[in-house]
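To convert a position in the sequence shown, counted from 1, into our numbering, add 537. From the three backbone atoms N, C-alpha and C, an ideal C-beta is built for every residue, glycine too. Scroll down for the structure; my scribbles are underneath it.
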Amino acid sequence: PFAEKYGKSAAMISAVDLLRGIGKFTGMDVIKVDGATGYIDTNFDGKAQAAVDALKSGKDFVYIHVEAPDECGHRGEIENKVKAIELIDEHILKPVTDFLRTFDDFAVLVCPDHPTPLSIRTHTSNPVPYLIYDSKNEVDSGVSKFCEEEAKKTGNYIEKGFTMMDYFLSK
């Protein structure tokens with residue numbers, strides 16, 4: 538269970554049944570959001586509000602999963618994939634981080650779970666960029682944008698994806 542491994546209470550928000558099942562299996566509170574679809578028409582605002590509500594209720598950690606960019610990659614929809622990422626920035630990251638800034642100590646991890654290149658419309662095992670913001674330890678990474686090419690420049694690489702949570706929560 539997540540709480541036993543990390544000593545933190547946790548919640549998960551996702552429209553994907555597989556992930557919801559993983560959340561339940563690890564003892565997370567799995568929050569259902571009306572209108573969460575797993576595509577670009579998902580309820581972005583509802584996911585953000587559910588995360589804020591979970592944090593307000595005392596959860597230490599909230600995992601928000603958004604499937605839209607992946608689905609757009611599978612469909613080869615470049616405009617929708619870009620739009621989905623913009624919607625995540627505007628309707629999830631901004632309101633959630635605005636709320637988190639009311640605390641002295643918080644951290645945020647942003648990352649895809651895998652690449653889904655538009656050129657092949659399927660998952661690959663290539664490395665993905667990730668961003669960690671720690672309010673107690675702000676670091677200028679020197680990168681100008683969040684993408685694979687800029688991520689390579691940092692030299693930060695986590696070889697085994699399953700260790701990401703250990704790395705993030707040890708910050």
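For residue i and residue j, which I take to be in contact (beta-carbon distance under 8 Å), what is that distance rounded to the nearest angstrom?
i, j, result
"Lys644", "Pro666", "It is worth fixing the name first, because residue 644 is Ala in this sequence and not Lys. Not really, about 17 Å apart at Cβ, beyond 8 Å."
"Asp566", "Ala548", "4 Å"
"Ala587", "Thr579", "Their Cβ separation, rounded to whole angstroms, is 12 Å, which puts Ala587 and Thr579 out of contact at 8 Å."
"Gly575", "Ala552", "4 Å"
"Ile657", "Ala585", "The pair is not a contact, with the Cβ atoms about 31 Å apart (cut-off 8 Å)."
"Pro606", "Ala621", "5 Å"
I'd like to confirm the pairing. Which residues does DSSP put opposite residue i in its beta bridges?
i, result
"Met702", "Per DSSP, none; premise fails for Met702."
"Tyr600", "Met549"
"Leu668", "Val647"
Between which two residues does the beta strand (DSSP E) carrying residue i extend?
i, result
"Ala548", "547-550"
"Val645", "644-647"
What are the start and end residues of the alpha helix (DSSP H) that includes residue i?
i, result
"Ile622", "615-625"
"Val567", "Counting along the chain, Val567 falls outside any alpha helix (DSSP H), though it belongs to the beta strand (DSSP E) covering 566-568."
"Asp554", "554-562"
"Asp607", "605-612"
"Val540", "Strictly speaking, residue 540 in this sequence is Ala, with Val absent from that position. Note, Ala540: alpha helix (DSSP H), 539-543."
"Glu675", "Taken as a continuous stretch (DSSP letters only), Glu675 belongs to no alpha helix (DSSP H), as it is neither H nor E."
"Lys689", "685-691"
Chain B beta carbons: is any one of them nearer than 8 Å to that of residue i?
i, result
"Glu608", "Annotation note: the requested chain B is absent from the structure, which comprises a single protein chain."
Can you look up residue i in the DSSP assignment and give me helix, strand or coil?
i, result
"Leu630", "helix"
"Asp582", "helix"
"Leu655", "coil"
"Phe636", "helix"
"Ala573", "coil"
"Lys682", "coil"
Let me check understanding here. Comparing Cα to Cα, which of the options lies closest to residue i?
i, options, result
"Ile601", "Gly583, Ile615, Glu616, Gly610", "Gly583"
"Val501", "Lys561, Thr691, Lys673, Gly544", "This structure leaves residue 501 out entirely; the chain is present only between 538 and 708."
"Met702", "Leu668, Val676, Ser678, Asp607", "Leu668"
"Glu686", "Lys618, Phe581, Asn663", "Asn663"
"Cys648", "Tyr670, Arg638, His628", "Tyr670"
"Thr639", "Phe539, Asn617, Val619, Val589", "Val589"
"Gly595", "Ile615, Lys545, Val619, Asp635", "Lys545"
"Lys542", "Thr563, Gly558, Arg557, Ile550", "Thr563"
I'd like to confirm something about residue i: is its beta-carbon nearer than 7 Å to some heavy atom of the ligand GTP, or not?
i, result
"Asp671", "Absence of the ligand GTP from the depicted structure is noted, as is the absence of any ligand whatsoever, leaving it without description."
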